[in-house]
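Residue numbers for the sequence shown follow this note's numbering, so the first one is 8 and each next one is one higher. No residue lacks a Cβ here, since even glycine has one placed at the ideal position from N, Cα and C. Please read these numbers as outputs of a predicted model, since none were measured by experiment.
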Amino acid sequence: MRELDYQTAFHLAPVGLVLSRERTIEDCNDEVCAIFGATRETLIGCSFEVLYPTPDEFARIGERIAAHISGRGTYSDDRIMKRSNGELFWCHVTGRALDRAAPHAAGVWTFEDLSATRRVAIELTPREREIAAQLVTGKTSKQIGRVLDISPRTVDIYRARLMRKYDTGNATELLQRLLGN
């Protein structure tokens with residue numbers, strides 16, 4: 008029987024794992040490769056930006072992550088990410104920095120593909136994706152506004168756009184659609 012060591016556990020973990028330095032992938036396991044449809048050789052040394060739908064989302068979420076980790080030590084959210092073939096999908100992401108004072112310097116990140124239960128069925132703008140990701144956590148417009156540094160009224164405008172795109176009559180129906188029900 009093969010000896011189980013940390014390296015083996017890392018590569019066989021049933022959740023995607025990434026070791027990062029300055030938002031660059033230092034190492035990743037087999038599950039990350041399966042989730043994003045890429046090889047380890049392709050991902051190692053790449054910026055996390057290749058996993059985001061747009062460079063703008065990479066930058067904005069990076070700022071939010073840094074502020075959150077500096078205060079709490081960890082960060083977690085559900086967000087839309089991009090596979091190597093360009094397909095967008097919902098992903099649960101959790102990370103911890105080695106040093107809270109330097110949140111992007113070095114860290115450990117987990118990735119869980121949510122596409123089996125939550126599909127990206129409609130094309131959304133980057134801001135709509137951010138609002139949708141916050142809505143599925145049950146936050147109010149005011150709370151979302153604080154997280155995204157926008158006014159609650161702006162959140163309401165985007166929520167209304169999402170309701171039109173998803174052809175829903177109320178916020179509950181919108182949440183059900185966003186959650187894949």
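Quiz item: Taking Cβ to Cβ, would you say E135 is nearer than 7 Å to Y165?
Solution: What you label residue 135 is simply residue 128 of the sequence shown in a count that begins at 1. What you label residue 165 is simply residue 158 of the sequence shown in a count that begins at 1. Closer than 7 Å, so yes.
Quiz item: Is S27 helix, strand or coil when you go by DSSP?
Solution: Stepping through the sequence shown from its first residue, residue 27 is reached at position 20. S27 falls in the strand class under three-state DSSP.
Exercise. For my contact list, S54 and R30 are in at a C-beta cut-off of 8 Å; report their separation, rounded to the angstrom.
Key: Looking up residue 54 in the sequence shown gives position 47. Looking up residue 30 in the sequence shown gives position 23. That pair is a contact at about 6 Å.
Practice problem: Let me know if L181 comes out buried or exposed under the rule of 16 or more other beta-carbons within 10 Å of its beta-carbon. | Solution: Looking up residue 181 in the sequence shown gives position 174. Under this definition L181 is a buried residue.
Quiz item: Which residue or residues does DSSP assign as beta-bridge partners of T81?
Solution: Along the sequence shown, one-based indexing puts residue 81 at 74. Paired residues: R103.
Practice problem: Name the two residues that bound the continuous alpha helix (DSSP H) containing V162. | Solution: Position 155 of the sequence shown, counted from the first residue, corresponds to residue 162. Taken as a continuous stretch (DSSP letters only), the alpha helix (DSSP H) holding V162 covers 159-172.
Practice problem: State buried or exposed for Y209, treating a residue as buried only when at least 16 other CB atoms are found within 10 Å of its CB. | Solution: Since the first and last residues shown for the chain are 8 and 188, residue 209 lies out of range.
Self-check item: 7 Å CB neighbourhood of R153 in its chain, flanking five on each side removed
Solution: Locating residue 153 in the sequence shown gives position 146, where the first residue counts as 1. So no residue of the chain qualifies.
Quiz item: So the alpha helix (DSSP H) F17 belongs to, where does it begin and stop?
Solution: Taking the first residue of the sequence shown as 1, we reach residue 17 at position 10. Start and end: 13-19.
Exercise. Have a look at M8 and C40 and give me their C-alpha separation to the nearest angstrom.
Key: Taking the sequence shown and counting its residues from 1, the one referred to as residue 8 is at position 1. Taking the sequence shown and counting its residues from 1, the one referred to as residue 40 is at position 33. Low confidence applies here, because M8 scores a pLDDT of 49, under 50, leaving its location unreliable; read the following figure in that light. Each residue's Cα considered, the two are about 26 Å apart.
Quiz item: What does a CB cutoff of less than 6 Å around K149 pick up in its chain, not counting 5 residues either side in sequence?
Solution: As a first step, residue 149 must be located in the sequence shown, where it is residue number 142. The beta carbon of K149 is closer than 6 Å to those of P159 in its chain, skipping five residues each way along the sequence.
Quiz item: By the 10 Å Cβ neighbour count, where 16 or more other Cβ atoms means buried, how is R86 classified, buried or exposed?
Solution: For the purposes of this step, residue 86 is taken as the residue at position 79 of the sequence shown. The residue is buried, with at least 16 neighbouring Cβ atoms inside 10 Å.
Practice problem: Determine the extent of the beta strand (DSSP E) in which T179 is found, giving its start and end residues. | Solution: Taking the sequence shown and counting its residues from 1, the one referred to as residue 179 is at position 172. Not the beta strand (DSSP E): T179 falls in the alpha helix (DSSP H), residues 178-185.
Exercise. Write down the C-beta distance between E38 and G23 rounded to the nearest angstrom, noting that I regard them as a contact closer than 8 Å.
Key: The residue labelled residue 38 in the question sits at position 31 within the sequence shown. The residue labelled residue 23 in the question sits at position 16 within the sequence shown. Sure, about 4 Å apart at Cβ, within 8 Å.
Quiz prompt | Which listed residue (R126, T124, L121, L169) has its alpha carbon closest to that of L142 | solution = Counted from its first residue, the sequence shown places residue 142 at position 135. When only C-alpha atoms are compared, the closest one is L169.
Quiz item: Considering only the beta carbon of each residue, do G93 and R103 sit closer than 7 Å?
Solution: Counting from 1 along the sequence shown, the entry for residue 93 is found at position 86. Counting from 1 along the sequence shown, the entry for residue 103 is found at position 96. For G93 and R103, no; Cβs fall outside 7 Å.
Quiz item: I think I76 touches R107, with their Cβ atoms under 8 Å apart; what is that distance to the nearest whole Å?
Solution: Your numbering for residue 76 matches position 69 in the sequence shown. Your numbering for residue 107 matches position 100 in the sequence shown. Going by Cβ atoms, the distance from I76 to R107 rounds to 6 Å, so yes, they are a contact pair.
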